[in-house]
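Take a look at the structure below.
Number of protein chains: 2
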Amino acid sequence: MNEIKVTLADQLKQKPLAEQLEFGRIFTDHMFIMDYTAGKGWHDARIIPYQPLVLDPAAIVFHYGQTVFEGMKAYETPEGKVRLFRPEKNMQRLNKSNDRLCIPQIDEKLALSAIKKLISIDKEWVPSAEGTSLYIRPFVISTEPYLGVAPSKNYQFIVILAPVGAYYKEGINPVKIAVENQFVRAVAGGTGEAKTAGNYASSLKAQELVADKGYAQVLWLDGLEKKYIEEVGSMNVFFKIDGEIITPALNGSILEGVTRNSVISLLKHWGYPVNERKITMDEVYQAHKNGTLEEAFGSGTAAVISPIGELAWRGENIVINESKTGFVSKQLYGILTGIQTGKEEDPFNWTVEIE
Amino acid sequence: MNEIKVTLADQLKQKPLAEQLEFGRIFTDHMFIMDYTAGKGWHDARIIPYQPLVLDPAAIVFHYGQTVFEGMKAYETPEGKVRLFRPEKNMQRLNKSNDRLCIPQIDEKLALSAIKKLISIDKEWVPSAEGTSLYIRPFVISTEPYLGVAPSKNYQFIVILAPVGAYYKEGINPVKIAVENQFVRAVAGGTGEAKTAGNYASSLKAQELVADKGYAQVLWLDGLEKKYIEEVGSMNVFFKIDGEIITPALNGSILEGVTRNSVISLLKHWGYPVNERKITMDEVYQAHKNGTLEEAFGSGTAAVISPIGELAWRGENIVINESKTGFVSKQLYGILTGIQTGKEEDPFNWTVEIE
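Residue numbers (full-length UniProt numbering), protein chains in the order written: chain A, 1 to 355; chain B, 1 to 355.
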């Protein structure tokens, strides 16, 4: 295994106040980098002061987007310890994304130990106020200066850290979502299942158009028939209909969310009937009409649980649970964040403490 | 209009020999950069020595791929002049791509005059040997350091230049192409029509898998039914069936190629029946079976015309024109490169001379 060389920053930055924390705008004192060279493999694992990347303007990442990323969080427990939430799932998914994008596999154990070491060095940056956490962004970029369309011969695997505030400043609040009928996020055979830049670039336009009309996010339908529900914004999505909780089954164009997986496990643990299957927008509308649409919510690392108060579809406004946060959404948010921050029992051993 | 400030390199690099030229590996002495800041617009247009880009690791381009590019060429005429080929079309498409990716519009006249000025400064780099040219790569990257999924508030528009050799070292040669049945390049509502990184990242895996079996490129079918022909590799595609020349109609997921457009104009000018319409792979196969599939070729800036000698589809090998370059492919390649290099008459006034 590669040894991780550490170079500490001479000067440390001023840390922000908890109430100033936004999402993803402030970064810690250090970062992790490891290089890949064809024929040599991954090498020179190192922690260095947070600093700009210096890249040839012909680097493949700027032209052909050969890049993947992950998103995870570290939390401070009431005892002042720092914990990660199911980090091995993110490392597995990182390599799954790498495979789809023709990026060489990364040693998952090394990557995780690098993340732990980086956090332990920047431990003072882990915020402790309610709803705050340290967001972790591992990513891989292709750095070979070459304008041919081919996998790069050089890469960098980088990890940066950002102390972040509560996603919802006043606790969780239901959001208004527009069902997207024009633009498509992903299609089977594309890159929807991978956490790669192009999926997000492609979503910006739809997001911009609905934001002008007051919607927080779009709900993505399948790219083939624009009939089946896929994701909401950059989250997975759940519906509670007549007591049953339904989420779209993984089909190759839906991201395999770690929070999605945790939500399903918790719901089953609590005895809810949970069904991963195809679900059409029409079925959700019919449930609304006959009064059986009880709740809807998104799940993801950034917001954890995001209740949906209203869905706009084909000129109709589908108001869910009187635009209030439902019982299951509240319960999931409370228990999940409780487990993550060490305030609730962790029945599945999901959390990992950093020494 | 912005004035372009010029800072010349102190030391010039050694220029490569014509026979050493590959595609997109060597770059000239200078580059163009212009910055965008929200509220201020595009500013600080400048030509500077070719140098690395220095970017925050949180720059949006690395994470969410908000980026677009163009590809064009400059050619030396027998009289030693330098010419561009329909550059205004590339500038229009750049802004069309910008619109899809939520990137602010760029003054097309300024961009073109920047490209001309950059080439005139690096004029000695325009190669003159048969089949060589100066490849021009304008591109836009999103530079704001922010991990939220939203359009960037800062961008850089950059132009780099690369002297390139003939795409086919021994003139044009028919290539073997595999029809792609698993992976999808683009779908209506996605970004297929835009020249953006994600489309190319998504294509690498399919390309890698067929390359192992000896195919040069894949032929992309539509993402919905995997039935209609879209593009070949990163080129548009044409078929000659029973005297008629057919190319897939622009449908939102096919790139609007400048070479594609020029091929259609030339063929019509020469009196060929040309039809832009939907065409299925089954139709091509049936034409092959009944002996009316006369030619097939790709069109693009890099290769100009690339004849297809063989198509692999559902276990069948469809050999086209005995795997030889067809008459129309040869004629198009000869006349198009002739117009581009000033050796043939330019009936449509496509070329633009650089002073």
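Note that the Cβ used here is the ideal one computed from N, Cα and C, for glycine as well.
Remember, predicted model here, so these are calculated numbers, not experimental data.
Identified DSSP bridge partners for Y155 (chain B): Beta-bridge pairing links Y155 (chain B) to B:Y36 and B:S142.
Report the start-end ranges of each alpha helix (DSSP H) in the segment 194-256 of chain B that is 4 residues or longer and not cut off at the edges. Listed in chain order, the complete alpha helix (DSSP H) runs (minimum 4 residues) inside the segment 194-256 of chain B are 197-211.
For the alpha helix (DSSP H) that S265 (chain B) lies in, which residues bound it at each end? V258 to H269 is the extent of the alpha helix (DSSP H) around S265 (chain B).
The alpha helix (DSSP H) spanning K81 (chain B) covers which residue range? Run containing K81 (chain B): none; DSSP gives neither H nor E here.
So what's L8 (chain B) in DSSP terms, helix, strand or just coil? In the three-state DSSP reduction, L8 (chain B) falls in the coil class, being neither helix nor strand.
With a floor of 4 residues, list each alpha helix (DSSP H) that falls wholly inside the segment 99-131 of chain B, ordered by position along the chain. Here the runs fully enclosed are 108-121.
Look up I339 (chain A) in the DSSP assignment and say whether it is helix, strand or coil. Helix.
Rounded to whole angstroms, how far is the Cβ of I305 (chain A) from the Cβ of L84 (chain A), which I believe are closer than 8 Å? Rounded to whole angstroms, the Cβ separation of I305 (chain A) and L84 (chain A) is 19 Å, and the two are not in contact under 8 Å.
Could you check whether the segment 181-189 of chain B touches the segment 204-223 of chain B, counting it as contact only if at least three pairs of C-beta atoms, one from each stretch, sit closer than 8 Å? Verdict: yes, contact present.
What separation, rounded to the nearest whole angstrom, lies between the Cα atoms of E130 (chain B) and Y146 (chain A)? Using only the alpha carbons, I get a separation of about 23 Å.
is_contact[S234 (chain B), chain D] using C-beta, thresh 8 Å: Going by chain labels, chain D is absent from the structure shown, which instead holds the protein chains A and B.
With which residues is A317 (chain A) paired in a DSSP beta bridge? Reading the sequence as shown, one finds Asn at residue 317 (chain A) and not Ala. Paired residue(s): A:A312.
Between the Cα of C102 (chain A) and those of A:K89, A:A302 and A:I60, spot the shortest distance and give me the residue it belongs to. Comparing Cα positions, the closest option is A:I60.
Hey, would you say the C-beta of W42 (chain B) is under 7 Å away from at least one heavy atom of the ligand SAM? For the structure depicted, the ligand SAM is absent and the ligand set is empty, with no information on it obtainable.
Residue range of the alpha helix (DSSP H) that D56 (chain A) falls in? That residue, D56 (chain A), is in no alpha helix (DSSP H); it is neither H nor E in DSSP.
Find out if the Cβ-Cβ distance for the pair S323 (chain A), G309 (chain A) is shorter than 8 Å. For S323 (chain A) and G309 (chain A), yes; Cβs fall inside 8 Å.
Would you call the segment 254-266 of chain B and the segment 333-343 of chain B in contact, with 3 or more CB pairs under 8 Å? Touching, yes, given that three or more Cβ pairs across the two stretches are closer than 8 Å.
Drop a sphere of 10 angstroms on the beta-carbon of G315 (chain A), count the other beta-carbons inside from all chains shown, and report buried for 16 or more, exposed for fewer. G315 (chain A) should be labelled exposed.
Starting from the beta carbon of S202 (chain A), find every residue of chain B whose beta carbon is closer than 7 Å, and list them in chain order. Taking a Cβ-Cβ threshold of 7 Å, the residues of chain B close to S202 (chain A) are G190, T191 and G198, in chain order.
Relative to the C-alpha of I115 (chain A), which residue among A:V237, A:K89 and A:P138 is closest? When only C-alpha atoms are compared, the closest one is A:P138.
Who are the Cβ neighbours of H63 (chain A) in its own chain at under 7 Å, not counting the five residues just before and after it? Excluding five sequence positions before and after H63 (chain A), the CB atoms of its chain that fall closer than 7 Å to its own CB belong to L147, given in chain order.
Going straight from the alpha carbon of R25 (chain A) to that of A58 (chain B), what length do you get? Approximately 9 Å, taken between the alpha carbons.
State yes or no: is the beta carbon of A227 (chain B) nearer than 8 Å to at least one beta carbon in chain A? It is Lys, not Ala, that sits at residue 227 (chain B) in the sequence shown. It does not; no Cβ of chain A falls within 8 Å.
Assign V187 (chain B) to buried or exposed, taking buried as 16 or more other Cβ atoms, counted over all protein chains shown, within 10 Å of its Cβ. Result: buried.
W350 (chain B) and R86 (chain B) - do their beta-carbons sit closer together than 8 Å? A contact, by the Cβ cut-off of 8 Å.
Counting C-beta neighbours from all protein chains within 10 Å, is the total for D242 (chain A) 16 or more, i.e. buried, or is it exposed? So D242 (chain A) counts as exposed.
So, does the segment 221-240 of chain A touch the segment 285-296 of chain A, judging by three or more C-beta pairs under 8 Å? Enough Cβ pairs lie closer than 8 Å, so yes.
Please state the DSSP three-state secondary structure of Y272 (chain A). Looking at Y272 (chain A) - three-state DSSP - the assignment turns out to be coil, as it is neither helix nor strand.
Look at the alpha carbon of A38 (chain B) and the alpha carbon of A178 (chain B), and state the distance between them as a whole number of angstroms. A direct Cα-Cα distance of roughly 45 Å separates A38 (chain B) from A178 (chain B).
Alpha carbon of N90 (chain A) to alpha carbon of V68 (chain A), nearest angstrom: The straight-line gap separating the alpha-carbon atoms of N90 (chain A) and V68 (chain A) is approximately 12 Å.
Among the residues of its own chain, which have a CB less than 8 Å from the CB of K81 (chain A), if the five just before and after it don't count? Cβ neighbours of K81 (chain A) beyond the five flanking positions: G342, E353 and I354.
Quick one: which chain B residues come within Cβ less than 7 Å of F139 (chain A)? Within chain B, the residues near F139 (chain A) are F62 and H63.
List the residues of chain B whose Cβ lies closer than 9 Å to the Cβ of E208 (chain A), in chain order. Those within 9 Å of E208 (chain A) in chain B are C102, A150 and P151.
Name, please, each residue of chain B whose Cβ falls closer than 8 Å to the Cβ of I160 (chain A). Within chain B, the residues P57 and A58 have their CB atoms less than 8 Å from the CB of I160 (chain A), given in chain order.
Using a Cβ-Cβ cut-off of less than 7 Å, give me the residues of the segment 20-46 of chain B that come near chain A, in sequence order. Answer in chain order: F23, G24, R25, F27 and M31.
DSSP beta-bridge partners for P49 (chain B)? Its beta-bridge partners are B:H30.
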